[in-house]
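Participant:
Residue numbers (full-length UniProt numbering): 1 to 469.
And the structure:
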């Protein structure tokens, strides 16, 4: 049986004290400074050693190195048909520097598109090198026999890689490994007969190849640098070799880049609404945070000096299976001495964690600035959301040696600039217009340099999305 409804005695009762809504009119609220969601940890900016660049230009002098042309080839796609960009054939070792567009176009037109299924052999060890294979899409593994007869993987090539660049030489030799498709692959093949047909009508092409062959045959160390003649282990009084250290004639120069904006504040706001917080100061603080975020993005992605674009192709490797595994991270780590940090998108770090969990492994822990961070083999793995994730769910992992003293990666900036507000960042008053709006020019100047190629490595084709269970 339901209870009878109780009467509301408060409905007509007089208020006995001051209400909350009215009391708030006499109180002082406690406020936060303006908050911002677009902030990140910006570990890259914190970890880079910053080098002072007077004059706005930084020149990297190196020992002379003989270019071997181990770059990447670019393709264009029209439906299911794939074609190589003719000028990109200049990435082949013996064609580097050859700029006759008509001849390169003739070679590109003679490339044959071929499709390979996983497990199919593209080139067999010991056979004559009679094709250049340009990998438009897919992964190809290079295999050699191991000490006990088992197959040993020497490396993995992916989109843009190539095999058999020596085919254009007069004596191309034989394949030193077996190339086998790991995934479905689209390959453009240039037959030896097609090359001979074009080269037979162009003596300039043949002369260029002969000269490049002679250049690459000069004595050099395993890094491609011109050799320094030395003697050791001798006895008696033999004639010692004479030598000198040759330098690059055209060293690379990095000019400081800039990120800028004009901050506008109405004079009435700046005059009247500065308690308890300075309006100009808060506007400036948030503007600088946005500039620093853009600065880190440019240091990773800028096509001129961004780290993703400036990693040498010899220092790029592809994942063996898709997600980043401990094996992949070990290989990336082994490619240089003194690696100080890995940088990866948070999703890539998560994907690596899943692979470690599958194997019953755990991250190490390192401490940076009082913060515990995950590490692998003692090297910190730092998040960097500026490293892109493609629509296909792939990203990259960077590994760096840092500092000028270690011939590593360095950040570039100039301090002591006029109206400097922070190192390398200035705020300049631009005046007040007829609408009483005050304008400030906020600028930050920066760049990055890789002192020697093996200072920076990239693990590519990192799948960051987990597979459904």
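Backbone N, C-alpha and C fix where the C-beta goes; we use that ideal spot for every residue, glycine too.
In the structure shown, what three-state DSSP assignment does residue 259 receive?
Facilitator: Residue state, collapsed to three classes: strand.
Participant: In angstroms, rounded to a whole number, what distance separates the CA positions of residue 315 and residue 431?
Facilitator: Straight across, the Cα-Cα distance linking residue 315 with residue 431 is about 50 Å.
Participant: If you run the structure through DSSP and keep just helix, strand and coil, what is residue 50?
Facilitator: strand
Participant: Just grab the DSSP bridge partners of residue 400 for me.
Facilitator: 341, 456
Participant: Report the residue ranges of all beta strand (DSSP E) runs contained in full by the UniProt domain "Cyclic nucleotide-binding" (100 to 202); include only those spanning at least 3 residues, in chain order.
Facilitator: Taken in chain order, the complete beta strand (DSSP E) segments of 3 or more residues contained in the UniProt domain "Cyclic nucleotide-binding" (100 to 202) are 112 to 116, 121 to 123, 131 to 137, 140 to 145, 151 to 157, 178 to 181, 185 to 191.
Participant: Check each candidate in 106, 372, 37, 25 and name the one with the smallest Cα separation from residue 286.
Facilitator: 37
Participant: State the CB to CB distance for the pair residue 279 and residue 273, rounded to an integer number of angstroms; the pair is presumed to be in contact (CB under 8 Å).
Facilitator: 6 Å
Participant: Output the distance between the C-alpha atoms of residue 131 and residue 172, rounded to the nearest integer angstrom.
Facilitator: 10 Å
Participant: Run through the region 310 to 383 for me and flag every whole beta strand (DSSP E) of 3 or more residues, listed as ranges in chain order.
Facilitator: Within the region 310 to 383, the complete beta strand (DSSP E) runs of at least 3 residues are 316 to 318, 341 to 344, 364 to 368, 371 to 376, 379 to 383.
Participant: Could you spell out the range, first to last residue, of the beta strand (DSSP E) harbouring residue 300?
Facilitator: First-last for residue 300: 279 to 301, but that is the alpha helix (DSSP H), not the beta strand (DSSP E).
Participant: Is the separation between the beta-carbon of residue 138 and that of residue 184 shorter than 8 Å?
Facilitator: yes
Participant: Pairing CB atoms from the region 415 to 422 with CB atoms from the region 352 to 363, are three or more of them under 8 Å?
Facilitator: no
Participant: Are the Cβ atoms of residue 164 and residue 123 separated by less than 8 Å?
Facilitator: yes
Participant: Tell me the residue span of the alpha helix (DSSP H) that contains residue 447.
Facilitator: Note, residue 447: premise wrong, no alpha helix (DSSP H); beta strand (DSSP E) at 437 to 450.
Participant: Checking 8 Å against the spacing of the C-beta atoms, do residue 438 and residue 262 come in under that value?
Facilitator: No.
Participant: To the nearest angstrom, how far is it from the Cα of residue 29 to the Cα of residue 17?
Facilitator: Near 21 Å, if we compare the C-alpha coordinates of residue 17 and residue 29.
Participant: Can you tell me the Cα-Cα spacing of residue 196 and residue 208, whole angstroms?
Facilitator: Straight-line Cα distance between these residues: approximately 14 Å.
Participant: Can you check which of these residues, 399, 433, 268, is closest to residue 329 by C-alpha distance?
Facilitator: 399
Participant: Tell me which residue opens and which closes the alpha helix (DSSP H) that residue 272 is part of.
Facilitator: 267 to 272
Participant: Do the region 143 to 160 and the region 174 to 189 touch if we need at least three Cβ pairs shorter than 8 Å?
Facilitator: yes
Participant: Whose CA, out of 170, 125, 174, 167, lies closest to the CA of residue 151?
Facilitator: 125
Participant: Sort 348, 288, 464, 43 by Cα distance to residue 299 and report the nearest one.
Facilitator: 43
Participant: I need the DSSP call for residue 412, collapsed to helix, strand or coil.
Facilitator: strand
Participant: Taking 7 Å as the limit between beta carbons, can you name the residues of its chain near residue 34, skipping five residues before and five after?
Facilitator: Closer than 7 Å at the Cβ level, and outside the excluded window around residue 34, lie 282, 286.
Participant: Starting from residue 432 and walking both ways along the beta strand (DSSP E), at which residues does that stretch end?
Facilitator: 425 to 432
Participant: State the DSSP-derived secondary structure class of residue 407, mapped to helix, strand or coil.
Facilitator: coil
Participant: Got a sec? Which residues, its chain only, sit under 6 Å from residue 45 by beta carbon, not counting five neighbours each side?
Facilitator: 296
Participant: What number of angstroms, rounded off, separates the C-alpha of residue 74 from the C-alpha of residue 106?
Facilitator: 16 Å
Participant: Can you find the residues in the same chain that come closer than 8 Å, C-beta to C-beta, to residue 349, ignoring five residues on each side of it along the sequence?
Facilitator: 374, 381, 383
Participant: Could you give the distance in angstroms between the alpha-carbon of residue 200 and the alpha-carbon of residue 56?
Facilitator: Using only the alpha carbons, I get a separation of about 49 Å.
Participant: Which residues share a DSSP beta bridge with residue 60?
Facilitator: 252
Participant: Where does the unbroken beta strand (DSSP E) through residue 80 begin, and where does it stop?
Facilitator: No beta strand (DSSP E) holds residue 80; DSSP gives it neither H nor E.
Participant: Note down the Cα distance separating residue 21 from residue 391, rounded to an integer number of angstroms.
Facilitator: 51 Å
Participant: Contact between the region 441 to 459 and the region 302 to 321: three or more CB pairs below 8 Å?
Facilitator: yes
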